[in-house]
């Protein structure tokens, strides 16, 4: 897959009276490493949740390489090329390292037809939409039967697909530096390796846009700088656009080509790192926490 | 490349490799050494192994709690009964081998119909909807007596024929059940080690994240539910043919409890667990009802007298507070009756609190439950 | 086609009163489900059995106090006594259940407390069935007979008592939740246990309080059920339990006013709704289809309105 362009237009997200995001407009060109910063509670993770379909935005639109994706279910959005990691690591803790990546590769192990039945965005009232889902039912049922039959009989085609997926998973694990840990349980990995595994799992979905939610959280400066190197390498080798939420300013300023600043759900600034560092509005937003100088943590 | 590419590191000694063939061969020898009542008991155990393996897909693999599993068992049994019993209004004289796939199909359709509205939602609702549905199915069978003959039931359901032999003796049924159970165990094991199995496991671990990795969670939950239902239907067809008579009374909530207890107490997600669970929860109560058992228990009249003397002493202090024990030879039958559900209920709680992975857990589940902290976040700073 | 409803006005008003009566019982039980779900996000499957235990305890109390021989104003005291005993029994059972079967599993995988709850439910149900040799018990027939009329409505004393005392109990509960410090703690824990504990709320204690309040309501419901239907048995908690849960879902699970309203909606749907369906050509649903109606309602609500019919649409069910 080639790197994707992300366009967000007037995105708003409200929770029962609470405005988490308001009128966020943003363009991330293909192949860019883009930083998303802001004080705690600024709406950064909510923004990711909207992009990946966890939340349905209450207003605005999201386009991935020109295709509108807001309102689509998460697995469809993943299929269209967005993958993510989680701020509070959410691996499949009791599955092995290799299996975690294999789940990421799920849609690319062609053994029973696609999981994505429609990329049509919901336009009718919810009740109608719930009934319309039934239209895809015969095809999904057929896919399911083929997949079950394939899994039980294990014909050469299925074995080959599985073997290819395992090979690719090993490559991805090697790429993030987890060679040799394939058969460990995910929860037995050290903390930094868990973050790397989350990235490998996300890469398994073959993303065109990779969303990293605080990839260096809890890491010491040395680990953080090796993570920076990894992020750059991923962008180059896997041809993805990258958006990362980050609190460690050294990381943000070091790796990002462009930065968006959120505060109270609104975009307050956008631009190259050097400009952001000098932006009075941004400094204002961070006052009371800590100054936005290189090396400091913006927030705990 | 080994078949089970991604399983835990194991120590594959040669003996371990052949543990299943050896186990099956040993099972096949049993009818030569025990009497018919024992073989009959084992046929029931085998039947519940099949049902347990089916529910295991739903509860153990995908982590969905289905409390109305009896509905699918009933769907299979009534498919067989309605199409073959002379008393049925739609008796079609079909052969067992035609009805087998039909019963499986109908049971999985019932599963889909039930799962479709509920499975897109979060898991908890499924438990109560299936609980209600199991009961509704029974009410339906009783009340639509124009079709099902209500509580009178359907009788004279024919037996299957295989290679010209009618499967009529307990021993033949025993081998038949073993063959069916082995086939089902093979299928569920293959499913577990496939893309589907991984998707199920991922859903069980963290449904949101599974969706974020591209797994269509609704589809895979429905597949788990339909697969479990299909196996339940298979069990139902076999049961109807084995017993020869079905009535709504045989499809009460207690069957769902039996099967659930087998899966949970045996060990979620584990085939040996299902076998051990069936032996203990289905086999032992039947053994308790054997004549040999009551003959044996009759020797314990002295124990009853001693205990009753004790109870009498309590009764003297608190008049009317306590009864007396029944005759010793009836203890087994008493225990096997409704009393066993008291024990099952207590066991379900005890297993969850003390040993959540069950008696014979799958290697994976053992690890999953081996800690008191929430499984995720994994190692939060 | 029916040009008009075929049955008389008094028939329909009877159905309405019957609906309110059963609805009251569903509402009282539903409160326990919805409150526990609110704080623990768990279906307390054993709640139907807590209701059953309350009913049996109330029965025992009435029998000890004289049973069918009671007469005159003493009856009022006896019923009050039975209700207090039933509440005490339900509450103690519920506290023990929470401590032994649920609390150890607070951090366990999602399925574990659910299975444990099923275990408790099965255990209690069959324990009582065993103790009673699976036979029914009959509440003393002591409640004064007679009825009041208001326009087309005729309501028996027992129905009036049942509806009035349920409403009183629910008003009391609502006042506790809304007005007291305890109620604030419960709402805080339901909102977010972590934040609540940071604010100094004792989460464990609050959860126990929730179980106590829910069980007290179920105990009252048990006695009212016994006085009205008279027949009680060990398996009596199962169907009302499922229905009360349906009521809780109808009203939007987690919402206390929702559970009350859901109980009445379900009670009316079973009586008035069923008879309305019977007015349709070709439909004839006997009494035994009541359970099917409740269940169909549950599934329909789950499909189209999983947040309940009264709840405002919430965007975050994640």
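Residue numbers (my numbering), protein chains in the order written: chain A, 1 to 300; chain B, 301 to 681; chain C, 682 to 999. Positions of the beta carbon are idealized from the N, C-alpha and C atoms, including for glycine.
Residue i, enclosing alpha helix (DSSP H) - first and last residue
i: residue 924 of chain C; result: 919-931
i: residue 752 of chain C; result: Residue 752 of chain C -> no alpha helix (DSSP H), and no H or E assigned at all.
i: residue 45 of chain A; result: 44-51
i: residue 592 of chain B; result: 591-598
i: residue 724 of chain C; result: Careful: residue 724 of chain C lies outside any alpha helix (DSSP H) and carries neither H nor E.
i: residue 115 of chain A; result: Run containing residue 115 of chain A: none; DSSP gives neither H nor E here.
i: residue 342 of chain B; result: 336-356
i: residue 372 of chain B; result: 370-384
i: residue 277 of chain A; result: 273-278
i: residue 605 of chain B; result: 601-617
i: residue 884 of chain C; result: 884-910
Closest Cα partner of residue i within the set the options
i: residue 217 of chain A; options: A:6, A:73, A:8, A:87; result: A:87
i: residue 242 of chain A; options: A:226, A:202, A:250, A:13; result: A:202
i: residue 374 of chain B; options: B:603, B:545, B:574, B:628; result: B:545
i: residue 68 of chain A; options: A:6, A:39, A:271; result: A:6
i: residue 499 of chain B; options: A:82, A:102, A:4, A:19; result: A:102
i: residue 626 of chain B; options: B:611, B:640, B:617; result: B:611
i: residue 82 of chain A; options: B:380, B:588, B:381, B:512; result: B:512
i: residue 409 of chain B; options: B:596, B:526, B:635, B:655; result: B:526
i: residue 301 of chain A; options: A:14, A:220, A:23; result: Only positions 1 to 300 of chain A appear in this structure, which leaves residue 301 of chain A out of reach.
i: residue 941 of chain C; options: C:851, C:843, C:844; result: C:851
i: residue 831 of chain C; options: C:987, C:755, C:705, C:695; result: C:695
i: residue 880 of chain C; options: C:891, C:886, C:866, C:888; result: C:866
i: residue 272 of chain A; options: A:117, A:283, A:252; result: A:252
i: residue 324 of chain B; options: B:480, B:515, B:519, B:567; result: B:480
i: residue 705 of chain C; options: C:827, C:736, C:965, C:906; result: C:906
i: residue 329 of chain B; options: B:371, B:464, B:478, B:436; result: B:478
i: residue 301 of chain A; options: A:228, A:239, A:233; result: Look at the range of chain A in this structure, 1 to 300, and you will see that residue 301 of chain A is not part of it.
i: residue 464 of chain B; options: B:549, B:397, B:554; result: B:397
Anticipated Cβ contact below 8 Å, residue i with residue j, distance rounded
i: residue 144 of chain A; j: residue 169 of chain A; result: That pair is no contact at about 24 Å.
i: residue 838 of chain C; j: residue 825 of chain C; result: 5 Å
i: residue 265 of chain A; j: residue 21 of chain A; result: 5 Å
i: residue 692 of chain C; j: residue 902 of chain C; result: Actually they are not in contact, since the Cβ atoms of residue 692 of chain C and residue 902 of chain C sit about 27 Å apart, beyond 8 Å.
i: residue 558 of chain B; j: residue 582 of chain B; result: 7 Å
i: residue 624 of chain B; j: residue 599 of chain B; result: Not quite, the Cβ-Cβ distance comes to about 19 Å (not below 8 Å), so this is no contact.
i: residue 533 of chain B; j: residue 406 of chain B; result: 6 Å
i: residue 797 of chain C; j: residue 782 of chain C; result: 5 Å
i: residue 263 of chain A; j: residue 38 of chain A; result: 5 Å
i: residue 165 of chain A; j: residue 505 of chain B; result: Incorrect: roughly 19 Å between the Cβ atoms, too far for contact.
Whether residue i touches residue j by CB criterion (8 Å)
i: residue 455 of chain B; j: residue 385 of chain B; result: yes
i: residue 911 of chain C; j: residue 698 of chain C; result: no
i: residue 367 of chain B; j: residue 647 of chain B; result: no
i: residue 60 of chain A; j: residue 10 of chain A; result: yes
i: residue 937 of chain C; j: residue 716 of chain C; result: yes
i: residue 361 of chain B; j: residue 501 of chain B; result: yes
i: residue 537 of chain B; j: residue 639 of chain B; result: no
i: residue 267 of chain A; j: residue 97 of chain A; result: no
i: residue 34 of chain A; j: residue 281 of chain A; result: no
i: residue 930 of chain C; j: residue 989 of chain C; result: yes
i: residue 802 of chain C; j: residue 925 of chain C; result: no
i: residue 364 of chain B; j: residue 521 of chain B; result: yes
i: residue 587 of chain B; j: residue 577 of chain B; result: no
N- and C-terminal bounds of the beta strand (DSSP E) containing residue i
i: residue 34 of chain A; result: 33-37
i: residue 21 of chain A; result: 18-28
i: residue 565 of chain B; result: No beta strand (DSSP E) contains residue 565 of chain B, which is instead part of the alpha helix (DSSP H) from 553-566.
i: residue 730 of chain C; result: Where residue 730 of chain C is concerned, there is no enclosing beta strand (DSSP E), although the alpha helix (DSSP H) it sits in stretches over 728-745.
i: residue 14 of chain A; result: 6-15
**OP:** List in chain order: all unbroken alpha helix (DSSP H) runs of 4+ residues lying wholly within the region 429-464 of chain B.
**Re:** Segments of the alpha helix (DSSP H) lying fully in the region 429-464 of chain B: 445-448.
Original post:
Can you list the beta strand (DSSP E) stretches of 3 or more residues lying completely in the region 790-858 of chain C, in chain order?
Top reply: Secondary structure in the region 790-858 of chain C: the beta strand (DSSP E) runs of 3 residues or longer, each lying completely within the stretch, are 828-831, 834-837 in chain order.
**OP:** Write down every uninterrupted run of the alpha helix (DSSP H) in the region 493-526 of chain B whose length is 4 residues or greater and which is fully enclosed by it, in chain order.
**Re:** With a minimum length of 4 residues, the continuous alpha helix (DSSP H) runs that stay inside the region 493-526 of chain B are 495-505, 507-512.
**OP:** Kindly provide the ranges of any beta strand (DSSP E) runs that are 3 or more residues long and lie completely inside the region 59-91 of chain A, ordered along the chain.
**Re:** DSSP runs (the beta strand (DSSP E)) wholly in the region 59-91 of chain A: 59-64, 82-84.
**OP:** Output the residue ranges of the alpha helix (DSSP H) runs that lie fully inside the region 203-266 of chain A and measure 4 residues or longer, sorted by chain position.
**Re:** List check, alpha helix (DSSP H) in window: 221-238, 249-255.
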